[in-house]
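Some notes on the structure that comes next.
Chains as they are written, first to last, in my numbering: chain A, -6 to 197; chain B, -6 to 197.
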C-alpha cells in the first residue's frame, strides 16, 4: 500500500512533469501555479505541500533540463579522441540542445526568482558540473593555464557560445539561420583553437 | 507662445526622461505607466497621447541607450590605429558601458514586447549601425571574408562578447569580478585575433 510519503513523491513527480510540459509549450514567463495544478487534477494548495513555492518548482524543472543537457554533451564527446575538436563538438551539441528545446533551455536563464531568493547550492553545483566539460576540453589546448585560470576560461567560453546561440535564437538582431549558425560557431571555435595553439607555441 | 505640438513634444521628452530614470534605478521589468506619469505630474491617459503604448516608450529609452553606447564606442576607437587592437578596444568599451549602465543596458535585451508586437525597422537600423563598428574592426583582420560573411561574423562576435558580459553581470553562474572579466575578454580576443591571422596566412 502506498504510504503518505509515496503519495507525496508521486504528486511531486506529476507536478514537475506538468510544469515541464507547460514550460516546453509556452515558456517559463507565463507559468502559473493554478494551471499546473489543474493539469494534475489537484487543488492549488497542493503545490505548496509538495514545493516551497513556484520558484522551487521551476528549479526542479531546470534541474531536469540540465541533466538532459548533460546526457547530450556526454554523448557528443564520447569517442571523440581529437582534443582540438572537443570544444567544437560540445558547442554544436549545446546549439542542438537549444534548438531542440528552446523554451526549456530559455527557462535556465530567463526565470526571475522572487526578490531576495537565491539559487540553492545544489543547483549551482549542477551548473558547475556542466562547465567542467568545457574545462576538460580546454585543458589540452591551453596546458599552461592554472586550474583557476582554466575554470575562468571555461566560463568565458560558455558565455561566448551561449551568447552566440542566445542572440541568434532570440531573434532580437537580424536572424541567423540554423545552418549558418552551426557553421559560424564551428569557424569561431576554429579561430579560437588556432589562437590557443599559437599562444602555447609562443610560450614554448 | 508654445504651440500644441511644442507642448506635446515637451511632454514626450519628460516622459522618456522619467522612464529612463526609472529603468536605470529599478530595471525595465518593474516599469509601470502609472509611476512614470506620476513622476511627470500628468494623468495616466497622457502617456497614450504621447506614445502608442508602454512598449513604444521603452523603445524610445532603448534608442537613447544605443545612441549613448554609440558615443562610447566611437570615443574608444577614435585615434586607435592598430587594427589588431580595435576589436579589443570595442569589447572593453562595451563591457564598461554595461558595467556603468547595468539596467539600461539590460533593458536593451530583456524587455518583452507585447505578443505580436515587432521591433520597428528604425530601431533595428540603430542596432545594425552598432554592428557596423564590429564589421569595420574585423575587415582588416579577415580580408578574405565576403561582405555577407563579414556581417555574419560581426554578429557572431557581438553575440560572443555580449554573452561573456551578460553571463557574468547576471551572476547566474559563479561571478567573475570586474577586473578578471576585462582581462578575460582581452585575452579571449587575443586568441581570436591570433587565430584570424593564422587562418589568413594559411589562405594566402
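All residues carry an ideal CB built from backbone N, CA and C; glycine is no exception.
Predicted model only: the values in this text are computed from it and were never measured.
Outcome for residue i when other beta-carbon atoms lying within 10 angstroms are tallied against a minimum of 16
i, result
"residue 149 (chain B)", "buried"
"residue 167 (chain A)", "Low local confidence applies: a pLDDT of 45 at residue 167 (chain A) is under 50, so the model's placement there is unreliable, with the coordinate-based value given in what follows. It counts as exposed."
"residue 36 (chain A)", "exposed"
"residue 156 (chain B)", "buried"
"residue 58 (chain A)", "buried"
"residue 73 (chain B)", "exposed"
"residue 55 (chain B)", "buried"
"residue 158 (chain A)", "buried"
"residue 187 (chain B)", "buried"
"residue 152 (chain B)", "buried"
"residue 137 (chain B)", "exposed"
"residue 126 (chain B)", "buried"
"residue 196 (chain B)", "exposed"
"residue 216 (chain B)", "Limits of chain B in this structure are -6 at one end and 197 at the other, which puts residue 216 (chain B) out of reach."
"residue 122 (chain A)", "exposed"
"residue 146 (chain A)", "buried"
"residue 13 (chain A)", "buried"
"residue 177 (chain A)", "buried"
"residue 31 (chain A)", "exposed"
For residue i, three-class secondary structure by DSSP
i, result
"residue 156 (chain A)", "helix"
"residue 112 (chain B)", "coil"
"residue 139 (chain A)", "coil"
"residue 7 (chain B)", "helix"
"residue 134 (chain B)", "coil"
"residue 173 (chain A)", "helix"
"residue 126 (chain A)", "helix"
"residue 89 (chain A)", "helix"
"residue 15 (chain A)", "helix"
"residue 149 (chain B)", "helix"
"residue 121 (chain A)", "helix"
"residue 183 (chain B)", "helix"
"residue 165 (chain A)", "Note on residue 165 (chain A): pLDDT 47, under 50, position unreliable in the model; the coordinate value appears next. Of the three classes helix, strand and coil, the one that applies to residue 165 (chain A) here is coil, per DSSP."
"residue 105 (chain A)", "coil"
"residue 188 (chain A)", "helix"
"residue 75 (chain B)", "coil"
"residue 144 (chain A)", "helix"
Chain-ordered neighbours of residue i on chain B, where CB pairs are closer than 7 Å
i, result
"residue 173 (chain A)", "145"
"residue 119 (chain A)", "Going along chain B, no residue has its Cβ under 7 Å from residue 119 (chain A), so there is no contact; the nearest lies around 11 Å."
Contact check, residue i vs residue j, beta carbons under 8 Å
i, j, result
"residue 81 (chain B)", "residue 182 (chain B)", "yes"
"residue 88 (chain A)", "residue 69 (chain A)", "no"
"residue 86 (chain A)", "residue 66 (chain A)", "yes"
"residue 29 (chain A)", "residue 11 (chain A)", "yes"
"residue 26 (chain A)", "residue 47 (chain A)", "yes"
"residue 62 (chain A)", "residue 90 (chain A)", "yes"
"residue 77 (chain B)", "residue 134 (chain B)", "yes"
"residue 20 (chain B)", "residue 128 (chain B)", "no"
"residue 184 (chain B)", "residue 192 (chain A)", "yes"
"residue 22 (chain A)", "residue 103 (chain A)", "yes"
"residue 17 (chain A)", "residue 117 (chain A)", "no"
"residue 108 (chain A)", "residue 162 (chain A)", "no"
"residue 39 (chain A)", "residue 4 (chain A)", "yes"
"residue 112 (chain A)", "residue 53 (chain A)", "no"
Chain-ordered neighbours of residue i on chain A, where CB pairs are closer than 8 Å
i, result
"residue 160 (chain B)", "148, 151, 152, 155, 156"
"residue 44 (chain B)", "The contacting residues do not exist; residue 44 (chain B) stays about 21 Å from chain A at best."
Under 7 Å from the C-beta of residue i: neighbouring residues of chain A
i, result
"residue 184 (chain B)", "185, 188, 189, 192"
Residue i beta carbon near the ligand MN (any heavy atom closer than 7 Å)
i, result
"residue 163 (chain A)", "Inclusion of the ligand MN in the displayed structure is not the case, the ligand content being empty and no account of it being possible."
Residues that residue i contacts on chain A, provided the C-beta gap is smaller than 9 Å
i, result
"residue 22 (chain B)", "105"
"residue 209 (chain B)", "Outside the shown range of chain B (-6 to 197) lies residue 209 (chain B), about which nothing can therefore be said."
"residue 90 (chain B)", "Simply none; closest approach about 16 Å."
"residue 10 (chain B)", "By Cβ distance, chain A contributes nothing, its closest Cβ being about 25 Å from residue 10 (chain B), past 9 Å."
Under 9 Å from the C-beta of residue i: neighbouring residues of chain B
i, result
"residue 13 (chain A)", "Correct list: empty, because the minimum Cβ distance to chain B is about 20 Å."
Hey, which unbroken runs of the beta strand (DSSP E) at 3 residues or more fall wholly within the stretch 23 to 64 of chain B? Complete beta strand (DSSP E) runs here, min 3: none at all.
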